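Using our numbering, you'd call the opening residue of the sequence shown number 1 and step up by one each time.
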Amino acid sequence: MNDTPSFSRDTRIFVAGHRGMVGSAIVRRLEAGGYRTILTRTHRELDLIRQDQVEAFFAAEKPEAVFLAAAKVGGIQANNTYRAQFIYENTMIQSNVIDAAWRNGVQRLVFLGSSCIYPRDCPQPIREEYLLTGPLEQTNEPYALAKILGIKMCENYNRQYGTAYLSVMPTNLYGPNDNYDLATSHVLPALIRKAHEAKLSGATSLEVWGTGKPLREFLHVDDMADACVFLMENDVREGLFNVGAGTDLTIAELARLVCRVVGLDATIVFDSGKPDGTPRKLLDVSRLKAMGWTAKIPLEQGIRDVYAEYVRCCRP
Ligand code: GDP
């Protein structure tokens, strides 16, 4: 496959997982960029866990580029509870899509991973080279292992078949279409919901899981989508790219920031019965920065936008 078509406004682009937070952001970014043919399928129309369905879709629709944003995702408790589903469903979805893409002549693909693929205790900020240099964090090991497999599939399909499949590793993401179910969500939407409900009910305390000491980095999903399209537009053909904001804060600091945005005056109560997870996972983003891409949406502004949307769309 050496006669690679470029990534242009006329490319037939399949966004897998377009109803999710990342996939929907990629669709918004592509539409804003004037891309004319964006293929999407709902879960009901195409079950990506089923190899026969995925192969039939690729054979019929012949996409030329793929953004693989479909995945089973969730916060620390969901990852730790639905461990079998996280390893099985993610492995199946990405294996089916990557292999069907290659079989049907797709030259360009961006695979969405996660910063949890890196060893639990690796030096900070985390460089792409630290992959597979140590043991993983236990709470999300099944998800991380599936994602590592996806990265290695892209790398090895490129080596054997000459494809141009690359992987992006986002830090913790937030934005429109996030999951606000407290049992399965990530920390930021959970805190927004809890703080909002506490404000409405006049509560004077806000419950935060763990010790509040872990450090996390947060990136608005519109920045993430922009980075994915940037790599395609700049004809990047292989490799692993961290995508982050470049700074982190403690969960306790995040809780105080959310309280400020929501307008809640409350005491923060830490529930040490819940796990902390990885102590820190700040990504080193110098690889993308050297190519000319940096995140643009400041955290407080991003949380204000998301909270306004939450109040408008989701809640009383
Ligand atoms: P992680 O980055 O994979 O650990 O995923 P999360 O976003 O679910 O959790 C990040 C950190 O926030 C962990 O230390 C959690 O214990 C902590 N945290 C505090 N309160 C909450 C909450 O209400 N929900 C979630 N999901 N995490 C919380």
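All C-beta atoms, glycine included, are put in the ideal place defined by N, C-alpha and C. No experiment lies behind these values; they were computed from the predicted model shown.
So, residue i versus residue j, is the Cβ gap smaller than 9 angstroms?
i    : j    : result
L288 : A227 : yes
V261 : R304 : yes
F241 : S167 : yes
G317 : K199 : Coverage of the chain is limited to positions 1 through 316, which leaves residue 317 absent and any answer about it impossible.
Y180 : Y310 : yes
E129 : E238 : no
L206 : Y174 : no
L68  : L132 : no
I87  : G113 : no
C116 : A144 : yes
F111 : I126 : no
V221 : M21  : yes
P176 : V258 : no
Under the three-state reduction of DSSP, which class applies to residue i: helix, strand or coil?
i    : result
N2   : Note that N2 scores a pLDDT of 46, beneath 50, so its modelled location is shaky; the value from the coordinates is reported in the next line. Coil.
E129 : helix
R12  : strand
V73  : coil
E55  : helix
V106 : coil
Y174 : strand
F86  : helix
E207 : strand
G17  : coil
Which residue comes first and which comes last in the alpha helix (DSSP H) that contains residue i?
i    : result
I201 : Rather than Ile, the amino acid found at residue 201 in this sequence is Ser. 187-201 is the span of the alpha helix (DSSP H), which, as asked, contains S201.
A146 : 141-161
I26  : 21-32
Enumerate in chain order the residues of its own chain whose CB-to-CB distance from residue i is below 7 angstroms, with the five nearest sequence positions on each side excluded.
i    : result
P63  : R12, I13, F14, L39, V106
T211 : F270, S272, D276
E89  : I49, K72
W102 : Y157, Y161, T163
R9   : G34, Y35, R36
Let's see if you can read the secondary structure: which residues bound the beta strand (DSSP E) around residue i?
i    : result
Y165 : 164-170
L182 : Counting along the chain, L182 falls outside any beta strand (DSSP E), and DSSP gives it neither H nor E.
L39  : 37-39
L68  : 65-68
F241 : 240-243
Go through its chain and collect everything with a Cβ distance to residue i's Cβ below 8 angstroms, but skip five positions before and after it.
i    : result
K213 : T250, I251, A252, D276, P279
S6   : D235
R256 : I268
N158 : A164, Y165, R237, E238
M1   : Reliability fails at M1, whose pLDDT of 47 lies under 50, so the model's placement of it is uncertain and the value that follows must be treated cautiously. Only G105, Q107, Y161, G162, T163 meet the Cβ criterion.
P298 : none
G134 : P119, R120, D121, C122
Is residue i near the ligand SAM - that is, is its Cβ less than 8 angstroms away from at least one heavy atom of it?
i    : result
C116 : The ligand SAM is not part of the structure shown, which contains the ligand GDP as its ligands.
Note down, in chain order, each residue of its chain lying with its Cβ closer than 6 angstroms to the Cβ of residue i, except the 5 sequence neighbours on either side.
i    : result
E55  : A100
P142 : R83, F86, I87
V285 : N242, G244, G246
A225 : A25, I26, R29
K147 : G113, S114, I117
P123 : none
Problem - Whole alpha helix (DSSP H) elements within the stretch 249-315, 4-residue minimum - result: 251-262, 286-290, 299-309
Practice task
Could you pull out every unbroken beta strand (DSSP E) segment of at least 3 residues lying fully inside the stretch 209-235, listed in chain order?
Solution key: 218-220
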